[in-house]
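In our numbering, the protein residues as written are 13 to 633. Glycine included, C-beta positions come from ideal geometry on N, C-alpha and C. Note that the coordinates shown come from a computational prediction; the quantities given were computed from them, not determined experimentally.
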Amino acid sequence: MLLEQIEKENDIKKIPPENFPQLAQEIREFLVDKVSRTGGHLASNLGVVELTMAMHLVFDLPNDKIIWDVGHQSYTHKILTGRKEGFETLRQYGGMSGFPKRKESDCDAFDTGHSSTSISAGVGLVKARDLRGESHSVISVIGDGSLTGGMAYEALNNASQLDTNFIIVLNDNYMSISENVGGMSKYLDKIRTADFYTGLKKGVTRTLEQIPVVGDSLIEQIRKTKSSIKQLVVPGMFFEDMGITYLGPVPGHDVSMLCRAFKEAKKIEGPVLIHVLTTKGKGYEPAENEPSKFHGISPFQIETGEVKAKSSKDSYTDIFGKVMCDEAMKRKDIVAITAAMKDGTGLSRFQRMFPERFFDVGIAEEHAVTFAAGLAAGGIKPVFAVYSSFLQRGYDQLIHDVGLQNLPVVFAVDRAGLVGSDGETHQGIFDLSYLSSIPNMTVLSPKHKWELADMLRFAIQHEGPIAIRYPRGAAYDQYEEFRSPVVYGKSEMIYEEKDIAVISMGHMFSEAVKVRESLKREGYSCTLVNGRFVKPLDGACITKLAKNHKLIAVMEENVLTGGYGMQVLSFAGEQSLDVKVLPLALPDDYVEHGSVDQLRKETGIDEETMVKKIMKAYKEL
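What follows is the structure, given as structure tokens:
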């Protein structure tokens, strides 16, 4: 096997060109086999096999720097830099990350995980190179989906001022996670139908070379000024008008043509964009047919493409999607917003039922927040469904465009808490802190699936900014009998005893139940409270608990600083309450990839660890 000859970076250069198709096939078979066992991002990686091979053939790693936007298409890159064995533990605790990591390899030039960042990072690396007097190449790879993010255009604007080489690769596979939307998508559609710009440029060059004496000097003049070739054709004029040389579209599964384009790009003194057309899921029929399904997939059967272990339980995302449709049938002013994540946030059914009230803004969370604010100011009830870690990108807009004006926007904050195998960039462990810091914002979190439904209905009726945070995965479906009406700013008493009180926030309720049962077995009396509202804090409940409890333990799946527990602790101190408050939260750190159960144990918010901490704190009183 050719793949066995790849043991470290640059080994691909030993492979004869006639064997490139075979190597590409072996890589695809390897990826399908490994991801079918571990789960991971498959479709995006299958689409860039030849593109990655070409970059590794033309450039020298780690001296040259490749920055992968988002990074969920970096698996082939990892294979070609000697990390094949790491795929046995892909996205598992202590194993290889599914994203580029500088600490993992010198060939990973920049850590990524969120979209639209690679060009900005690339411009920084170019300027660092020039300031240090170095001469290596810097290549930023960005997808057409990521190009819907505003940060990418800020970076392009900055890149256009460069007078030294900087290569941008536009990996155009017609998709983000779902189908692309917006003006840039339409613009790229037009370019895709055009003749290959690269070929035209080379044709012009070959013609000029045949002109004795004058030809060579004219070619050099064209290369320096860029202007003459620019005006020969229409494709890519958007980039050319910004001062960025455009090459393409280039077929993304032709290694030889890709290598030619990269070699040409290296000669240009300034920023250059190579537009590459690829097929998401290339080479594996189920992934080609359903690229969204295979964007991020659990372990699956290779023969059929079906997931091996399907949950029969509704997820919190499913519950959200169902209630949204129910409420939208009652109220014509309800609209739904997603940032290129209609499937992931449970809004596909809403789109089918209410297409005129569904808005996919692309990978543009900042815009989505202010867009929602505009809708609310216009008398519409917007619900923005977004992953917790992605909402971080709209923090400024949350403050200035929603909170400041006290506009009734509902934020459905999905993937809150630990999300597991995607790791540091995707853990939703900061939202309770950053949302609670915003004046006028209401923040609440459900203990089980029925409470999510109730909270969403409550949020839609609320006249102000409000956020509901809930986790990834199967919804907790016990304690259905505990479903008291949602009252603004009020907690819910589950069991009332004395001595030790446990207040759980949101989906930590399932752990809190187990903690209470363990404490009861040890002979302790234990009250259990469902916190419900992070903001406003239920001060009356805390004051009441302080009267007949010595210890209040507060459980949450959020970082300690600025979280729910610290707010309870602060309130108790301010009110001089005679009670010890023990916040049980995640450490103020980034949490790596692994299963949620493993990560809870490692971070000290699993049942066993929390019971020990509570008992120790109580004994010390």
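Shown here, Thr257 sits in a strand according to DSSP, grouped into three states. Nearest C-alpha to Ser445 among Tyr407, Ala121, Glu463, Leu416: Tyr407.
The segment 445-462 and the segment 486-504 touch, with no fewer than 3 CB-CB distances between them shorter than 8 Å.
Boundaries for Met13: no beta strand (DSSP E) harbours it, and the DSSP string shows neither H nor E there. Taken in chain order, the complete alpha helix (DSSP H) segments of 4 or more residues contained in the segment 307-336 number zero; there are none. In the DSSP assignment, Cys538 falls within the beta strand (DSSP E) that extends over 538-542. The segment 49-57 makes contact with the segment 288-304: 3 or more CB pairs, one atom from each, lie closer than 8 Å.
When the Cα atoms are used, Phe306 and Ala299 turn out to be separated by approximately 6 Å. Phe111: not part of any beta strand (DSSP E); DSSP gives it neither H nor E. The Cβ neighbour count for Arg484, taken over all protein chains shown within 10 Å, is at least 16; the residue is labelled buried. For Gly94, same chain residues with a beta-carbon under 6 Å away, outside a window of 5 residues either side, are Glu19, Lys20 in chain order.
With 16 or more other Cβ atoms inside 10 Å of its own Cβ, Thr160 counts as buried. With respect to the 9 Å criterion, His519 and Gln490 are not classified as neighbours on the basis of their beta carbons. Asn183 sits in a strand when the DSSP states are folded into three classes. For Asp372, the enclosing beta strand (DSSP E) starts and ends at 370-372. Ile314 sits away from Ser516, with the two beta carbons spaced by 9 Å or more.
Check the Cα spacing between Pro74 and each of Ala552, Gln104, Gly440, Asp120: the tightest is with Asp120.
Residue burial is scored here from C-beta neighbours: Arg114 has fewer than 16 other C-beta atoms within 10 angstroms and is therefore classed as exposed.
In this structure Asn185 is buried. Its beta-carbon is surrounded by 16 or more other beta-carbon atoms within 10 angstroms. Boundaries of the beta strand (DSSP E) harbouring Asn570: 561-571, taken from the DSSP string. According to the DSSP assignment, Ile39 belongs to no beta strand (DSSP E) but to the alpha helix (DSSP H) extending over 32-50.
Rounded to whole angstroms, the gap between the alpha carbons of Ala140 and Ser109 is 27 Å.
For Val514, DSSP records a beta bridge to Leu540, Ala565. Linking Ala565 to Met627 through their CA atoms gives a straight-line distance of about 10 Å. Setting aside the 5 residues that flank it on each side, Gly476 is surrounded in the same chain by Asn418, Pro420, Asn452, Thr454, each with a C-beta closer than 7 Å to its C-beta; the list follows chain order.
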